[in-house]
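815 is the number of the first residue of the sequence shown in my numbering; add one for each residue after it.
So the structure is just underneath, and the comments pick up after that.
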Amino acid sequence: MDIIIHIRKTVLLLVCILSYFGVSAAPADSAKIAKRQQAVSHLKQHFKLYGFIRNYFTYDSRESISGQGDLYNYQPLDERWNQTELEAQTSGIARQDLNAIGTFRFLSITTRVGVDIMDYKWRGMEIGGKIEADFYAALTMKNGQTHTLSGVAQLRLRQAYITLGWDSLRMNDKDFARVDLMLGQAWHPMAADLCDVIALASGAPFGPFNRSPQVRMDARLGRYFTLTATGLWQMQYLSTGPETQSGEYIAYSKTPEAYLGISVHDKGWLARAGVDVLSISPRHLGSVTDNNGKTVSVRVNDRITTVSPFLYLQYKKDEFSIKAKTVLAEAGEHMNLDGGYGVRATNQDGSWSYTPLRQSASWVSIVYGGRVGQQEEKHPQKLQGILFAGYVHNLGTKDALLDADNDGMADMLWTPRPANMRQMWRLSPTLQWTIGKFQLGCEYEITSVRYGDFAAGDLRGLAGTNLHWVTNHRVQLMTRFNF
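Here's what the structure looks like:
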């Protein structure tokens, strides 16, 4: 019986799909045809399918820290010499940096599909939504370690939210307001304005990159101003801590991440300013020593609260646009920045006190281009030149880190990427050619990181000796078909 019910449901679904594309499964009378046409019209009015098929062909001159099949590039790895200079003088073997080796790959795992839902109304309230997914590189193991260059691409959720909107709310005799409420998973307000590059990382870690579950309110007040207030949770993009990156830290804090910002927009200009506040609990269990010298586990209420302000500016006119963003981040690793935090003190009740790593991260992108060649209405051609520049400066921890054994070295500092990074910059020129729904892009990306070593007394997470630059050259070709 269950099989028959399943078959009936499948047949019904196929009939609906075929009807949507104008294919009849069987002859039908005029009433059925009219009903079917009405259903198709409803789908076209309220549902919009979109997406693209995208391929990347990528060469790197050096081993790098990256994800998503090595397409999502963060930064080149530090030097890893096979022997010291003194050893090389007597060993008879050339001294080599083992990370100075190139790689090549091409993948289509970032292919995407989505559905926009729109134009539903109820008593003056507009209702809409979005469901969006793409493919994700599931990782396999090689020699007992994670191997990011192989695996099976799995479908994953990118965005899924509903929107409720109220328009034409009178403010005074001349101005009106509009209020939009969004519930679900979407772009973090600090990450929503992305730079114009074809690279999968979209400018990270030089700017925030994060999609999270959230409740967001946008209030457009008159022609020029919009206020945004958002409460967010963590799912894919997580804070780090004693148990590496985990969703437990925000779960035990019982406190949503909060964002408050303002946008100003007029005649091609857009400016945003906002601040993000995150309060997490890295531990909920600690230990103390009783009067008999025995260690006893106790509940603790560890907490670190961070504040990260940002500014964004954009100008567009005709075929030219320029965008810029800067953020002063505290423990910004949950936004794909080079963040983290550490312990500054241990307390008698078993709890720990923390201090965040701070960094300044900025980028600017410029786009110029227009139609080229002989135009056809169905296949317009467009050539764009893009230039991206980014810079990150590690400012160290807000307070000195704990040196429990008095050896001059910090004992507990957690960051998802190398803590000995002092500075980093990236320059990326791109050419992108669009022919109708097809796009071809070629990008050269040079990323250079200044690494160093920690010396005794470096208790603010700033490597101060043996400072040196390490550079990766990435050449990337992208093909994309939009639908």
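Just so you know, even glycine gets a beta-carbon here, dropped at the ideal spot from N, CA and C.
Compare the Cα-Cα distances from residue i to each of the options and report the closest residue.
i	options	result
I1012	M1149, N1161, S844, Y870	Y870
W1047	F1039, A1065, Q1059, E1057	A1065
G1222	N1296, D1272, V1186, A1214	D1272
V1110	V1078, D1132, D1163	D1163
R1097	E1057, L1227, G1082	E1057
S1067	L891, R1117, K1212	R1117
V1157	G1204, G1036, A1214, V1078	A1214
I1136	S1174, Y864, G1082, L1099	G1082
V1186	Q1246, G928, D994, N1105	Q1246
I945	A974, L921, T924	A974
T1279	G906, I1249, M1235, S880	M1235
L1125	L1084, F1268, Q903, N1161	L1084
T1248	L1276, K1192, S1165	K1192
R1274	L1227, N1286, T917	L1227
For residue i, count neighbouring C-beta atoms within 10 Å of its own C-beta (all shown protein chains included) and say buried if the count is 16 or more, exposed if not.
i	result
H1148	buried
P1019	buried
M985	exposed
M939	exposed
V1112	exposed
Y1051	buried
P1194	exposed
D948	buried
H856	exposed
V1284	buried
Y1155	buried
Y934	exposed
Kindly indicate which three-state DSSP category residue i falls into: helix, strand or coil?
i	result
K849	helix
L912	coil
G942	strand
I907	coil
E877	coil
F1137	Sequence check: residue 1137 is Lys here, not Phe. Reduced to three states, the DSSP call for K1137 is strand.
G1199	strand
F1063	Checking the sequence shown, residue 1063 turns out to be Tyr, not Phe. Of the three classes helix, strand and coil, the one that applies to Y1063 here is helix, per DSSP.
G1146	helix
Q999	strand
E899	helix
V1011	coil
S844	helix
S1262	strand
L1273	coil
Q882	coil
S855	helix
H860	helix
T1248	strand
H1207	strand
M955	Residue placement at M955 is flagged as unreliable, the pLDDT there being 47, under the threshold of 50; the coordinate-derived value follows with that caveat. Here M955 sits in strand by DSSP.
E893	coil
M1223	coil
V1121	strand
I923	coil
E1057	coil
A1006	coil
So residue i packs on residue j, CB below 8 Å; how close in whole Å?
i	j	result
P1123	A1145	14 Å between Cβ atoms; not a contact.
R1294	N887	Not a contact, Cβ separation roughly 18 Å.
I1076	F1039	7 Å
R919	D884	6 Å
M1238	Q852	Contact flag wrong, Cβ pair sits at about 57 Å.
R1231	I879	6 Å
Who are the Cβ neighbours of residue i in its own chain at under 6 Å, not counting the five residues just before and after it?
i	result
N1296	F866, K1251
D1225	L1216, A1218
V1091	A1072, V1121
T1069	S1093
M1292	Y870, I1012, G1255
A1005	P1022, F1023, N1024
G836	With a pLDDT of only 48 at G836, under the threshold of 50, the placement of this residue in the model should not be trusted, and no figure is reported.
S1167	R1158, A1159
V1178	A1138, A1203
L995	L978, M1031
R992	D981, R1034
Cutting at 8 Å between CB atoms, please list the residues of its own chain near residue i, excluding the five before and the five after it.
i	result
H1282	E893, R1264, Y1265, G1266
G928	L863, Y864, G865, K944, I945, E946, A947, R972, Q973
N1161	S1167
Got a sec: does the ligand PLP put a non-hydrogen atom nearer than 7 Å to the Cβ of residue i?
i	result
A1013	Inclusion of the ligand PLP in the displayed structure is not the case, the ligand content being empty and no account of it being possible.
Output needed for residue i: all residues of its chain with C-beta closer than 7 Å, excluding positions within five of it in sequence on either side, in chain order.
i	result
G1183	E1133, K1196, L1197, Q1198, G1199
Y1063	S1053, G1055, I1094, S1095, P1096
L1008	S1016, G1017
I819	For I819, the pLDDT reaches just 45, beneath the cut-off of 50, and the residue's location in the model is therefore unreliable, although a value from the coordinates is still provided. Result list for I819: empty, nothing under 7 Å.
N896	R909, Q910, L912
S905	Q897
Hey, does residue i have any beta-carbon neighbour from chain C nearer than 8 Å?
i	result
F920	Within the model displayed, chain C is absent; a lone protein chain is all it includes.
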